[in-house]
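Colleague: Numbering (our numbering), first residue to last: 4 to 315.
Virtual Cβ for every residue (Gly too), placed ideally from N, Cα, C.
Small disclaimer: the values here were computed from a predicted structure and weren't measured.
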């Protein structure tokens with residue numbers, strides 16, 4: 004399998020997971036399998052819960068904004084990414100995390116908004132920076148471990164002032180980098196954890212351990228630790244893209260984001276061809292605030308190819 008097939012799998016896989024999981028957000032465990040009991044037998048990308056069939060949520064919308072900034076600016080331009088986020092938030096997207104919305108609308112400059120939110124609220128370890136990480140992970144993968152983990156932390160810090168969110172996003176970036184190079188992300192976990200900030204290494208080691216199960220989570224999977232842990236669990240306990248997504252969504256809770264993170268990892272591992280056509284055909288990513296644009300599969304593939312070839 005080529006690197007570009009894996010890169011496209013990561014970007015499209017994350018978007019597919021997001022759109023597939025969106026209608027089940029905050030629902031109970033097993034809801035996906037209850038609605039679609041036979042894998043591959045039905046039109047699972049059916050929409051619901053306010054989402055049209057194949058419609059991606061804020062997870063992928065923000066990932067696209069990061070990607071377009073990286074490609075148009077030619078480097079990591081944090082003020083530009085933040086401005087794009089603000090423009091998007093001002094257009095009242097269907098879904099936006101409460102913390103992210105506050106950071107983007109509190110009137111503070113790009114380099115202070117998230118830090119001030121954290122200072123006031125003392126809580127900012129949601130999965131909102133992890134959910135949008137697939138595109139930046141693909142872009143920075145060729146730059147090496149230190150560069151990709153650093154970029155992950157910096158983009159995460161735009162909206163999340165808690166280092167826990169930075170470190171979870173950095174782990175995701177590194178797992179994608181390893182996978183795009185054709186290696187097993189699961190065997191790379193011990194080495195990856197060695198490069199996590201010491202204050203957060205233990206907690207991530209717990210949720211990424213081979214014997215951890217999402218039922219053992221101590222927080223809702225809208226938090227960054229169980230979200231990442233659940234995605235890795237889904238990857239570890241299944242053998243194909245479809246089964247990984249089904250396992251992720253059946254966990255319930257923050258299904259769009261857990262599935263988006265799972266889809267990014269599984270897409271990188273199994274490649275674009277492993278993602279069912281019946282899931283990619285209706286896939287579309289609206290971009291509120293950006294002239295009514297909506298990306299479909301051809302545009303997402305173009306984005307993935309450019310990201311994979313334009314890393315700096």
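In terms of alpha-carbon separation, which member of 296, 276 and 292 lies closest to residue 13?
Modeller: The residue from 296, 276 and 292 with its alpha-carbon nearest to that of residue 13 is 276.
Colleague: Quick one, which of 126, 110, 26 and 130 has its alpha-carbon nearest residue 232's?
Modeller: 130
Colleague: Rounded to a whole number of angstroms, what is the C-alpha to C-alpha distance between residue 46 and residue 282?
Modeller: 8 Å
Colleague: Tell me which same chain residues have a C-beta within less than 7 Å of the C-beta of residue 22, skipping the five on either side of it?
Modeller: Excluding positions up to five away in sequence, the list reads 48, 57, 58, 59 and 286.
Colleague: Over the uninterrupted beta strand (DSSP E) stretch that includes residue 288, give me the two end residues.
Modeller: 287-289
Colleague: Who are the near neighbours of residue 117 in its chain, counting only those whose CB is closer than 8 Å to its CB and skipping five residues on each side?
Modeller: 106, 127, 160, 161, 162, 163 and 164
Colleague: Would you mind reading off the limits of the alpha helix (DSSP H) that contains residue 90?
Modeller: Run containing residue 90: 81-93, per the alpha helix (DSSP H) assignment.
Colleague: I'd like the span of the beta strand (DSSP E) that includes residue 73, first residue to last.
Modeller: Taken as a continuous stretch (DSSP letters only), residue 73 belongs to no beta strand (DSSP E), being part of the alpha helix (DSSP H) at 61-76.
Colleague: Determine the closest residue to residue 311 out of 19, 70, 177 and 38, with distance taken between C-alpha atoms.
Modeller: 70
Colleague: Among 245, 15, 180 and 110, whose alpha-carbon lies nearest the alpha-carbon of residue 62?
Modeller: It is 15 whose Cα lies nearest to the Cα of residue 62.
Colleague: Leaving out five residues before and five after residue 215 in sequence, what residues of the same chain have Cβ atoms less than 7 Å from its Cβ?
Modeller: 209, 232 and 236
Colleague: Return the chain-ordered list of same chain residues with a C-beta closer than 6 Å to the C-beta of residue 66, the five sequence neighbours on each side being excluded.
Modeller: Excluding residues within five positions, the ones whose Cβ falls inside 6 Å are 135, 137 and 138.
Colleague: On the three-state DSSP scale, how would you describe residue 299?
Modeller: DSSP places residue 299 in strand when its eight states are reduced to three.
Colleague: Using beta carbons (cut-off 9 Å, strictly below), is residue 179 in contact with chain D?
Modeller: The structure shown contains no chain D; it holds only a single protein chain.
Colleague: Give the DSSP-derived three-state secondary structure of residue 58 in the structure shown.
Modeller: strand
Colleague: Quick check on residue 230: buried or exposed, where buried means 16 or more other Cβ atoms within 10 Å of its Cβ?
Modeller: buried
Colleague: Quick check on this structure: which residue in 219, 173 and 182 has the alpha carbon closest to the alpha carbon of residue 197?
Modeller: 173
Colleague: Taking three-plus beta-carbon pairs below 8 Å as touching, is the segment 138-155 in contact with the segment 176-183?
Modeller: With a cut-off of 8 Å, the segment 176-183 and the segment 138-155 count as touching, because enough Cβ pairs lie within range.
Colleague: Please report the residue range of the alpha helix (DSSP H) in which residue 178 lies.
Modeller: 166-183
Colleague: Need the endpoints of the alpha helix (DSSP H) that residue 124 sits in, please.
Modeller: 116-124
Colleague: Who are the near neighbours of residue 25 in its chain, counting only those whose CB is closer than 6 Å to its CB and skipping five residues on each side?
Modeller: 54, 60 and 259
Colleague: Are there 16 or more other CB atoms within 10 angstroms of the CB of residue 176, so buried, or fewer, so exposed?
Modeller: When all chains shown are included, residue 176 counts as buried.
Colleague: Consult DSSP for residue 25 and reduce its assignment to one of helix, strand or coil.
Modeller: helix
Colleague: DSSP three-state call for residue 220: helix, strand or coil?
Modeller: coil
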